[in-house]
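What follows is a set of notes on a single structure, which appears directly below.
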Amino acid sequence: MESHPSYALLSELTTKYPRTAGSLLQTYNDLKLAQQWEDLEVFEVPSCSRGAFKGQRPNTTAVLYVIPCSLSESLSLSWFRDAFEDMGKPPHIYLAINAEDSNIVYYKLSPGIVKPPV
Amino acid sequence: MSLIAPSNKAGGSGKGGPRRQENNRIYANPLPLLLTPTQAKGYLSPHRIWGIFGISGTIIENPHCKGLFDRATKSVWVTNHRDAMILWRRGFFGKGDLSRSEPSWHTRQVNARRDAGKSLTSEELREKRRAERRQFKMDRARAIAEAAAEAEAAFAEGREASVIAIPSGATWKPQPSSATGQPQLVAKMTVDAVEDDVEEEETLEDVEHLQLTLQEAFFVIWNLDCLTILDPLTHEPLSLRDIWSTFQQAHWPSGPAVSLSRIYADRFDNPFLVNYVAYHYYRSLGWVVKGGIKFCVDLLLYKRGPVFQHAEQVNLSPFAVVVIPVYEDPEDRKTSPFELNNAEPFTWSWLSTINRVNTQVQKTLILTYVTIPARTRVDTALLSSPACLAHYSVRDVVVRRFIPARMRD
């Protein structure tokens with residue numbers, strides 16, 4: 001993992017939170033290289049003991065927030081509440097669930113009930 | 119056809135005959151090892167004679183691939199492009215970490231810059247499909263709003279509302295006007311591509327690797343012996359014994375507390391072992407086994423491979439497998455430091471949810487029960503080698519929704 005070019009940017013958070021290092025790197029690679037997100041920044045979310053990302057999808061201006069986790073973790077509603085708090089209460093966040101075969105499934109979470117757009 | 123290899127046929131991107139033939143050619147070998155039978159000529163040829171004694175003259179060609187173990191992502195990375203394509207094309211092992219399946223990231227980037235995407239990769243097809251679905255949803259919402267407004271107006275005037283057609287998924291066709299957004303994007307890309315073409319293509323490094331799960335890697339190493347795993351720091355090859363224990367230890371928490379390792383060691387319910395039992399069971403029966411996170415299940419079974427089967431073909435669609443660990447001794451579950459998925463009894467609502475999701479995507483659900491041996495009955499010293507796998511047992515059950523009113527055949 002250390003030899004991957006993306007590692008340098010994430011090394012501070014991967015050494016601080018080693019348990020979530022794998023999902024952090026996988027999600028970063030997916031967003032930056034495969035989805036081609038722009039202005040991708042990584043920041044710390046202390047209450048969830050991991051890093052998270054914010055950036056924009058290509059050719060859009062809306063800033064989106066992504067928090068990575070692994071398939072084997074158990075998360076609780078209070079975890080989500082803390083995540084929303086620490087990420088500055090965005091209207092919605094994306095939960096990136098990483099599997100060991102490098103598949104990532106993104107779930108969109110909003111605080112409260114939200115009607116689907118169409 | 120392989121969606122990233124250039125096609126030299128005139129009807130290259132057609133479905134059906136030419137594509138299937140191309141796929142049959144590229145994915146002809148079900149395993150990374152190639153067996154070339156020798157041509158025995160004559161009754162007294164040496165091969166025939168050896169054959170009487172049960173010695174086969176078949177030559178086995180071993181590709182000898184190399185991979186790196188990565189503890190953080192609990193996987194094995196194959197960075198060498200030749201090895202990655204061999205493992206993918208012969209048996210569909212692994213997944214490109216920046217792609218949906220086959221490592222196609224570099225090709226997609228080159229295609230995007232050159233904008234010559236005549237044969238679309240699966241990712242580009244997916245984007246196209248998503249754009250069409252978005253358009254369909256907007257059309258449907260507009261039609262529903264129109265119908266509601268019409269009904270209101272008709273009620274106010276006291277007449278019958280005229281019927282407004284609401285598009286359904288089966289009959290809706292994408293309108294050409296919906297593609298207005300795309301030509302501008304295409305134009306922009308070609309302009310940039312002309313300017314940056316020369317520098318970008320030369321400097322574009324392929325940062326994608328093929329990612330194998332620990333189960334896939336161990337299957338290929340132990341049963342086929344065509345992969346070598348290197349330690350990520352020293353780049354020394356690991357012995358089979360090292361690999362076996364390293365893969366189990368990957369599920370222990372990383373950290374300085376050495377005393378904790380005693381809790382995690384010598385356990386039959388290590389997630390690597392439980393998942394490996396299910397993986398090995400289906401692989402050895404000839405199924406191509408892939409991960410099933412996209413369908414809320416653990417594994418997907420394909421008869422020949424994902425390239426040959428799609429969810430649209432109901433009778434050929436893959437099977438969705440949920441692995442349910444069963445403890446032979448309930449005490450083991452209480453003392454377990456691992457949180458195995460689905461070890462608690464299923465609730466009916468959860469089973470219904472999974473079954474519903476898979477019926478919608480036309481996959482049959484299989485529940486695979488893996489029985490974990492009791493520590494009191496089986497000696498935990500067996501865990502130092504794959505010999506312990508003989509003590510696990512696997513049973514599978516197919517689950518289908520039965521609706522008496524609709525299913526009469």
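Chains as they are written, first to last, in the working numbering: chain A, 1 to 118; chain B, 119 to 527. The beta-carbon is built from N, C-alpha and C at its ideal position, and this holds for glycine as well.
Item, Value
"Can you tell me whether ASP349 (chain B) is buried or exposed? The criterion is at least 16 other CB atoms within 10 Å of its CB, across all chains shown.", "exposed"
"DSSP on PRO384 (chain B), reduced to helix/strand/coil?", "Reading the sequence as shown, one finds Asp at residue 384 (chain B) and not Pro. In the structure shown, ASP384 (chain B) sits in coil (DSSP, three-state: anything other than H, G, I, E or B)."
"Comparing C-alpha positions only, which one of A:HIS4, A:SER78, A:LEU40 sits nearest to THR60 (chain A)?", "A:LEU40"
"Give the residues of chain B in contact with ALA121 (chain A), contact being defined as C-beta atoms less than 7 Å apart.", "In this structure chain A extends from 1 to 118, so residue 121 (chain A) is not present and cannot be described."
"Does any CB atom of chain A fall closer than 7 Å to the CB of LEU342 (chain B)?", "no"
"Look at PHE413 (chain B) and ASN476 (chain B) and say whether their C-beta atoms are less than 7 Å apart.", "yes"
"Does any heavy atom of the ligand GTP sit closer than 6 Å to the C-beta of ASN229 (chain B)?", "As presented, the structure is devoid of all ligands, the ligand GTP included, so that no description of it is given."
"Using the beta-carbon count (16 or more within 10 Å), is ARG226 (chain B) buried or exposed?", "buried"
"Any beta carbon of chain B sitting closer than 7 Å to that of VAL42 (chain A)?", "no"
"What are the start and end residues of the alpha helix (DSSP H) that includes TYR161 (chain B)?", "Premise fails: TYR161 (chain B) is in no alpha helix (DSSP H) and is neither H nor E."
"Where does GLN36 (chain A) fall in DSSP's three states?", "coil"
"In its own chain, which residues sit with a C-beta less than 7 Å from the C-beta of TRP362 (chain B), not counting the 5 before and 5 after it?", "SER503, PRO504"
"Let me know if GLN478 (chain B) comes out buried or exposed under the rule of 16 or more other beta-carbons within 10 Å of its beta-carbon.", "exposed"
"Under 7 Å between the Cβ atoms of ASP188 (chain B) and MET87 (chain A)?", "no"
"Just to check my reading of the structure: ASP416 (chain B) and VAL392 (chain B) have Cβ atoms closer than 8 Å, yes? What is that Cβ distance to the nearest angstrom?", "Not quite, the Cβ-Cβ distance comes to about 10 Å (not below 8 Å), so this is no contact."
"Per the contact definition of three or more C-beta pairs closer than 8 Å, is the stretch 330-341 of chain B in contact with the stretch 466-476 of chain B?", "no"
"Can you grab the Cα-Cα spacing for the pair PRO90 (chain A) / ILE104 (chain A), in whole Å?", "22 Å"
"Does THR331 (chain B) have its Cβ less than 7 Å from a Cβ in chain A?", "yes"
"Using the rule of at least 16 other Cβ atoms within 10 Å of the residue's Cβ for burial, across every protein chain shown, is LYS213 (chain B) buried or exposed?", "buried"
"Kindly indicate which three-state DSSP category LYS246 (chain B) falls into: helix, strand or coil?", "helix"
"My understanding is that TRP223 (chain B) touches LEU216 (chain B), with C-beta atoms under 8 Å, so please give their C-beta distance in whole angstroms.", "4 Å"
"What residue from A:ASP101, A:GLU100, A:SER49 has the CA that sits closest to PHE80 (chain A)'s CA?", "A:SER49"
"Identify whether ALA438 (chain B) lies in helix, strand or coil by the three-state DSSP scheme.", "strand"
"Any C-beta of chain B sitting closer than 7 Å to the C-beta of GLN56 (chain A)?", "no"
"My assumption, with CB atoms under 8 Å, is that VAL444 (chain B) sits in contact with THR489 (chain B). Please give the rounded CB distance.", "5 Å"
"Answer with buried or exposed for ALA83 (chain A), where buried requires no fewer than 16 other C-beta atoms within 10 angstroms of its C-beta.", "buried"
"For my contact list, HIS509 (chain B) and VAL496 (chain B) are in at a C-beta cut-off of 8 Å; report their separation, rounded to the angstrom.", "5 Å"
"My assumption, with CB atoms under 8 Å, is that PRO5 (chain A) sits in contact with GLN36 (chain A). Please give the rounded CB distance.", "Actually they are not in contact, since the Cβ atoms of PRO5 (chain A) and GLN36 (chain A) sit about 16 Å apart, beyond 8 Å."
"Give a yes or no on whether the minimum CB-CB distance between LEU33 (chain A) and chain B is below 7 Å.", "yes"
"Looking at the strands, I want to know which residues DSSP matches up with ASP360 (chain B).", "The partner list for ASP360 (chain B) (beta bridge, DSSP) is empty, contrary to what the question assumes."
"What first and last residue would you give for the alpha helix (DSSP H) that runs through LYS408 (chain B)?", "That residue, LYS408 (chain B), is in no alpha helix (DSSP H); its beta strand (DSSP E) goes 406-409."
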